[in-house]
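Participant: Residues in the sequence shown are numbered from 1 upward in steps of one, following UniProt numbering.
Glycine included, each C-beta is placed from N, C-alpha and C at the ideal position.
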Amino acid sequence: MFFFQITSKAMFMLRYGYTKMFAIPASKEGVIMKVRDFMITKVFTVKPSSTIKELLDILNSNRIGGVPVVDDKGHLVGMVSDGDVLRYLSPKRLGFAGLIYIIEDGELENVLHEKLDTSVKEIMTKRNILSVSPEDEFEMTMRLLSIHNYKKLPVVNRAGRVIGVLSRGDIINNIWKKVIT
1 MFFFQITSKA
11 MFMLRYGYTK
21 MFAIPASKEG
31 VIMKVRDFMI
41 TKVFTVKPSS
51 TIKELLDILN
61 SNRIGGVPVV
71 DDKGHLVGMV
81 SDGDVLRYLS
91 PKRLGFAGLI
101 YIIEDGELEN
111 VLHEKLDTSV
121 KEIMTKRNIL
131 SVSPEDEFEM
141 TMRLLSIHNY
151 KKLPVVNRAG
161 RVIGVLSRGD
171 IINNIWKKVI
181 T
């Protein structure tokens, strides 16, 4: 498997056909803001072999909605979110037009317990994972989060190792701290 990184700016321009440069935001000091200025470096990750139960423990303990999935060397192999978990754990509809649920007393709890032992690799997003570099321009990353409705982007170094994350909530907090106040 080959891994290469294309900057978020280049990806954005290729995907949406932009040929002109965007205005670059500046901090109070007039310095171009980069992803490294806003990213969170305390990154919680899981391995593909981690169970959904282990994932939920990390999400709940740290009050976060998703994490990068990394291999043994810390390389990004996917993303998994609370939405992925909910879609997997949701009861499936059966019957005419999906209107009838067949669940007996206590059965749902048993099914949920069984599903919690499933590995993260079964539910994670593996394809078209968009990541950013610490050197990418902050404005482009904000646009990527906005256009794609992502809540979180992994930040990877040139070797493809996860070194941070950038989430919408963290961006709002940092904008308040670095630009407004």
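Closer than 8 Å is the cut-off here; do at least three beta carbon pairs connect the region 118 to 125 with the region 140 to 150?
Facilitator: Short answer: they don't touch.
Participant: Per the contact definition of three or more C-beta pairs closer than 8 Å, is the region 167 to 177 in contact with the region 70 to 79?
Facilitator: Not touching, per the Cβ criterion.
Participant: Verify whether the separation of the beta carbon atoms of valine 43 and glutamate 54 is less than 8 Å.
Facilitator: Contact flag unset, no.
Participant: Relative to the alpha-carbon of proline 68, which residue among Val156, Glu137 and Arg36 has its alpha-carbon at the smallest distance?
Facilitator: Comparing Cα positions, the closest option is Val156.
Participant: Any idea if glycine 78 is buried or exposed, counting beta-carbon neighbours within 10 angstroms, 16 or more meaning buried?
Facilitator: Under this definition glycine 78 is a buried residue.
Participant: Give the range of the alpha helix (DSSP H) segment to which methionine 140 is assigned.
Facilitator: Start and end: 138 to 148.
Participant: Our contact map puts threonine 51 next to threonine 118 with C-beta atoms below 8 Å; I'd like the distance itself, whole angstroms only.
Facilitator: The pair is a contact, with the Cβ atoms about 7 Å apart (cut-off 8 Å).
Participant: Please say whether leucine 56 and glycine 65 have beta carbons closer to each other than 8 Å?
Facilitator: Not a contact, by the Cβ cut-off of 8 Å.
Participant: Taking DSSP's pairing of strands, which residues face histidine 75 in a bridge?
Facilitator: DSSP output for histidine 75 lists Arg161 as bridge partner(s).
Participant: Serine 131 to leucine 153, Cα distance in whole Å?
Facilitator: For serine 131 and leucine 153, the distance between alpha carbons rounds to 6 Å.
Participant: Determine the burial state of isoleucine 100: buried for a count of at least 16 other Cβ atoms within 10 Å of its Cβ, exposed for fewer.
Facilitator: Bear in mind that a pLDDT of 48 at isoleucine 100, under 50, signals an unreliable position, so the number given afterwards is only what the model happens to contain. Burial call: exposed.
Participant: Going by DSSP, name the residue or residues bridged to threonine 45.
Facilitator: None; threonine 45 has no bridge partner.
Participant: Straight-line CA distance for serine 133 to arginine 158?
Facilitator: The alpha-carbon atoms of serine 133 and arginine 158 are separated by roughly 8 Å.
Participant: Apart from the five residues just before and just after serine 90, which ones in its own chain have a Cβ nearer than 6 Å to its Cβ?
Facilitator: Around serine 90: no qualifying Cβ.
Participant: Please state the DSSP three-state secondary structure of leucine 153.
Facilitator: Reduced to three states, the DSSP call for leucine 153 is strand.
Participant: State the Cα-Cα distance for the pair glutamate 137 and glycine 164, rounded to the nearest angstrom.
Facilitator: Between glutamate 137 and glycine 164, the C-alpha separation is close to 15 Å.
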